[in-house]
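In short: position in the sequence shown from 1, add 3, done, that's the working numbering. Virtual Cβ for every residue (Gly too), placed ideally from N, Cα, C. The structure displayed is predicted, hence computed values, not measured ones.
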Amino acid sequence: MKEFWSGRIQSITPYTPGEQPRERKFIKLNTNENPYPPSPKALEAIRQGTGEALRLYPDPAGAELVQALAEVYGLEEEQIFVGNGSDEVLSFAFQAFFDQGSEIVFPDITYSFYPVYANLFGIRCRTVPLGDDFTLPMEPFLGGNDGVVIANPNAPTGIELGTDGIRRILEGNPERVVIVDEAYVDFGGESVVPLIRDYPNLLVVQTASKSRSLAGLRVGFAFGNPDLIAGLNCVKNSVNSYTLDRLAIAGAAAAVRDVDYFDARRRQVMATRERTVGQLKELGFTVLPSRTNFIFASHPAVSGRELFSGLRREGILVRWFDQPRIADFLRITIGTDGDMDALASALERLTGGKGPSA
Numbered sequence: 004m005k006e007f008w009s010g011r012i013q014s015i016t017p018y019t020p021g022e023q024p025r026e027r028k029f030i031k032l033n034t035n036e037n038p039y040p041p042s043p044k045a046l047e048a049i050r051q052g053t054g055e056a057l058r059l060y061p062d063p064a065g066a067e068l069v070q071a072l073a074e075v076y077g078l079e080e081e082q083i084f085v086g087n088g089s090d091e092v093l094s095f096a097f098q099a100f101f102d103q104g105s106e107i108v109f110p111d112i113t114y115s116f117y118p119v120y121a122n123l124f125g126i127r128c129r130t131v132p133l134g135d136d137f138t139l140p141m142e143p144f145l146g147g148n149d150g151v152v153i154a155n156p157n158a159p160t161g162i163e164l165g166t167d168g169i170r171r172i173l174e175g176n177p178e179r180v181v182i183v184d185e186a187y188v189d190f191g192g193e194s195v196v197p198l199i200r201d202y203p204n205l206l207v208v209q210t211a212s213k214s215r216s217l218a219g220l221r222v223g224f225a226f227g228n229p230d231l232i233a234g235l236n237c238v239k240n241s242v243n244s245y246t247l248d249r250l251a252i253a254g255a256a257a258a259v260r261d262v263d264y265f266d267a268r269r270r271q272v273m274a275t276r277e278r279t280v281g282q283l284k285e286l287g288f289t290v291l292p293s294r295t296n297f298i299f300a301s302h303p304a305v306s307g308r309e310l311f312s313g314l315r316r317e318g319i320l321v322r323w324f325d326q327p328r329i330a331d332f333l334r335i336t337i338g339t340d341g342d343m344d345a346l347a348s349a350l351e352r353l354t355g356g357k358g359p360s361a
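Here it is as structure tokens:
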């Protein structure tokens with residue numbers, strides 16, 4: 004029953020998160036979590052923070068984390084916003100920069116939270132079909148809208164639009180905010196954070212969940228000119244001033260500053276990704292070029308639904324989207340080498356070894 008629901012949410016279809024199993028142990032390759040632990044320095048900072056101070060509210064500005072991000076990214080503190088995961092940061096951005104009834108544009112195949120936010124906040128959205136090769140067509144994004152949202156690299160395809168492409172979109176929308184969601188950029192992509200100095204309409208959103216192994220801590224951040232950051236803070240302080248707790252601030256700040264650990268782990272994931280791509284191609288899979296910690300793959304002889312169900316029976320979780328154009332693809336998070344070897348073995352059984360030479 005929806006008797007007491009507001010009219011605004013009665014027609015909304017909420018975002019569906021990836022499965023977090025409880026009944027049995029799986030190899031989890033379905034939610035783009037990092038297979039490696041957080042920085043030891045982050046864990047120590049969290050341990051140090053579990054004292055009497057927890058009776059006090061945290062710093063509403065998250066100054067310790069903002070300072071760490073400013074140091075590592077070479078920015079001013081006024082150019083940085085922090086929040087409870089990049090999903091919250093994105094929701095604040097939709098409210099801060101897009102009016103009810105306005106029309107924003109994003110690809111037809113992308114992060115499925117974007118249309119949820121648009122519907123929730125009364126924003127019209129126009130989706131632009133990706134090309135047959137799942138790349139982003141430029142012209143439909145060059146003006147004629149009230150805002151642009153792009154995941155780069157894209158999810159779930161893993162394909163990156165280069166910096167020149169982002170620059171064209173920014174210059175095509177000088178009076179509109181362009182949000183670039185870089186949740187996966189640390190796995191081989193090129194960040195456009197340096198462009199915020201030249202483009203006051205650019206907001207870049209990132210997360211500590213993926214490359215810094217802190218999905219359980221819920222920390223996200225945005226980079227942009229001080230006016231955009233002030234807009235985000237206006238929304239935040241109209242909803243919940245204390246979006247990050249003390250432990251999240253301490254742990255994330257330590258993780259951001261531990262650049263060597265961050266770099267080693269992301270390179271480890273990237274190496275395993277390339278190794279896995281080779282294994283799957285040997286089995287006849289089509290694998291889209293990825294600059295993320297996941298791959299998007301399909302097989303010519305076995306449907307995505309069959310592979311998804313078969314892998315689950317084998318104790319391996321991946322993500323499958325029952326949507327036009329991508330229903331035969333699986334989104335597979337990169338795990339450890341052992342995880343990916345188990346995946347390859349299971350897929351060989353499920354496809355009957357129907358590789359290119361079969």
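Measure the beta-carbon distance from residue i to residue j and round it to whole angstroms, keeping in mind my assumption that it falls under 8 Å.
i	j	result
Asp392	Val222	Outside the modelled stretch of the chain, which goes from 4 to 361, sits residue 392, for which no answer is possible.
Leu173	Leu198	7 Å
Val365	Asn155	Outside the modelled stretch of the chain, which goes from 4 to 361, sits residue 365, for which no answer is possible.
Ile298	Ile335	5 Å
Phe436	Ile112	Because residue 436 is not part of the residues shown, which for the chain are 4 to 361, the question remains open.
Ala347	Gln282	4 Å
Ile30	Ala345	6 Å
Ala56	Arg249	6 Å
Val303	Gly287	A small correction: the amino acid at residue 303 is Pro; Val does not occupy that position in the sequence shown. Yes, they are in contact, since the Cβ atoms of Pro303 and Gly287 sit about 6 Å apart, within 8 Å.
Gly175	Gly146	5 Å
Taking the Cβ atom as the reference point for each residue, do residue i and residue j lie within a distance shorter than 8 Å?
i	j	result
Val272	Asn236	no
Gly254	Leu217	yes
Val207	Asn148	no
Ala71	Arg260	yes
Tyr120	Phe97	yes
Ser105	Ile126	yes
Ser42	Ala186	no
Gly168	Leu291	no
Val196	Tyr76	yes
Gly332	Gly234	Here residue 332 is Phe; the residue named in the question, Gly, does not match the sequence. Their beta carbons are not under 8 Å apart, which means Phe332 does not touch Gly234 by this criterion.
Tyr18	Phe116	yes
CA-CA distance, residue i and residue j?
i	j	result
Ile83	Val69	6 Å
Asn87	Glu79	21 Å
Glu163	Arg276	15 Å
Tyr202	Pro140	21 Å
Arg129	Gly307	27 Å
Ala73	Asp62	17 Å
Phe311	Leu353	10 Å
Ser214	Gly341	19 Å
Pro118	Asp135	22 Å
Phe7	Ser194	44 Å
Ala274	Pro110	29 Å
Thr339	Arg268	11 Å
Glu36	Ile337	8 Å
Gln326	Gly54	48 Å
Taking its Cβ as the centre, do 16 or more other Cβ atoms sit within 10 Å of residue i, making it buried, or is it exposed?
i	result
Trp323	buried
Ala45	buried
Pro132	exposed
Gly150	buried
Ala251	buried
Leu320	buried
Val242	exposed
Leu247	buried
Ser89	buried
Asp263	exposed
Gly10	exposed
Ile12	exposed
Ser244	exposed
Arg25	exposed
Ser212	buried
Glu91	buried
Gly227	buried
Determine which residues share a DSSP beta bridge with residue i and list them.
i	result
Pro110	Val131
Asp184	Ala154, Val208
Ile83	Phe226
Trp323	Leu333
Ser301	Thr289, Phe332
Lys31	Leu320
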